[in-house]
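Residue numbers (the working numbering): 36 to 101. Working notes, beginning with the structure itself.
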(Lines of atoms letter the chains of each structure in order from A; the text may use other names.)
(Lines give C-alpha, C1' and ligand atoms only; values in the text may rest on other atoms or scores of the structure.)
Protein backbone atom coordinates (compact mmCIF):
# COMPACT_ATOMS: atom_id res chain seq x y z
CA UNK A 36 0.00 0.00 0.00
CA UNK A 37 1.23 3.50 -0.84
CA UNK A 38 0.61 6.12 1.87
CA UNK A 39 0.78 9.88 1.28
CA UNK A 40 1.46 12.13 4.28
CA UNK A 41 0.68 15.84 3.84
CA UNK A 42 3.50 17.13 6.08
CA UNK A 43 6.32 15.69 8.18
CA UNK A 44 5.15 13.74 11.22
CA UNK A 45 7.23 12.24 14.04
CA UNK A 46 9.65 9.59 12.84
CA UNK A 47 7.94 7.04 15.09
CA UNK A 48 4.75 7.31 13.03
CA UNK A 49 6.61 6.99 9.75
CA UNK A 50 8.53 3.98 11.06
CA UNK A 51 5.31 2.24 12.17
CA UNK A 52 3.75 2.72 8.73
CA UNK A 53 6.87 1.39 7.01
CA UNK A 54 7.20 -1.55 9.41
CA UNK A 55 3.62 -2.50 8.50
CA UNK A 56 4.92 -2.94 4.95
CA UNK A 57 3.67 0.29 3.41
CA UNK A 58 5.47 2.67 1.08
CA UNK A 59 5.51 6.28 2.36
CA UNK A 60 5.61 9.59 0.49
CA UNK A 61 5.83 12.79 2.54
CA UNK A 62 5.08 16.32 1.32
CA UNK A 63 7.89 18.13 3.12
CA UNK A 64 7.43 21.70 1.93
CA UNK A 65 6.39 24.36 4.44
CA UNK A 66 3.23 25.45 2.64
CA UNK A 67 0.20 23.16 2.48
CA UNK A 68 -0.60 21.55 -0.84
CA UNK A 69 -3.18 23.26 -3.04
CA UNK A 70 -6.33 21.12 -3.09
CA UNK A 71 -5.86 20.07 -6.73
CA UNK A 72 -2.34 18.80 -5.96
CA UNK A 73 -3.61 16.98 -2.88
CA UNK A 74 -6.26 15.28 -5.01
CA UNK A 75 -3.62 14.36 -7.62
CA UNK A 76 -1.43 12.81 -4.91
CA UNK A 77 -4.37 10.85 -3.51
CA UNK A 78 -5.08 9.41 -6.94
CA UNK A 79 -1.52 8.00 -6.95
CA UNK A 80 -1.69 6.58 -3.41
CA UNK A 81 -3.88 4.13 -1.50
CA UNK A 82 -4.10 6.02 1.80
CA UNK A 83 -3.83 9.59 3.09
CA UNK A 84 -2.52 10.89 6.41
CA UNK A 85 -3.73 14.48 6.55
CA UNK A 86 -1.59 16.41 9.02
CA UNK A 87 -2.08 20.14 9.31
CA UNK A 88 -4.42 22.37 7.38
CA UNK A 89 -5.65 20.65 4.23
CA UNK A 90 -8.83 21.60 2.44
CA UNK A 91 -10.88 18.42 2.40
CA UNK A 92 -14.41 19.39 1.40
CA UNK A 93 -17.13 18.17 -0.97
CA UNK A 94 -14.93 18.96 -4.00
CA UNK A 95 -12.25 16.65 -2.60
CA UNK A 96 -14.73 13.77 -2.32
CA UNK A 97 -16.26 14.24 -5.77
CA UNK A 98 -16.05 10.95 -7.70
CA UNK A 99 -13.26 10.77 -10.26
CA UNK A 100 -13.71 9.38 -13.76
CA UNK A 101 -11.10 6.77 -14.63
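A virtual CB, placed ideally from N, CA and C, is assigned to each residue, including glycine.
Let me check understanding here. Comparing Cα to Cα, which of 80, 78, 71 lies closest to residue 90? Numbered from its first residue, the chain shown carries residue 90 at position 55. Comparing Cα positions, the closest option is 71.
Any idea what DSSP makes of residue 47, helix, strand or coil? Counting from 1 along the chain shown, the entry for residue 47 is found at position 12. DSSP places residue 47 in the helix class (H, G or I) of the three-state scheme.
Who does residue 60 pair with in a DSSP beta bridge? As a first step, residue 60 is located in the chain shown; it is residue number 25 there, counting from the start. In the DSSP secondary-structure assignment, residue 60 is bridged to 39.
Quick check on the DSSP output: the alpha helix (DSSP H) that includes residue 83 runs from which residue to which? The residue labelled residue 83 in the question sits at position 48 within the chain shown. Taken as a continuous stretch (DSSP letters only), residue 83 belongs to no alpha helix (DSSP H), being part of the beta strand (DSSP E) at 82-84.
For residue 88, count the other beta carbons within 10 Å of its own beta carbon; 16 or more makes it buried, fewer makes it exposed. Which is it? Working through the chain shown from its first residue, we reach residue 88 at position 53. Exposed, by the Cβ-count rule.
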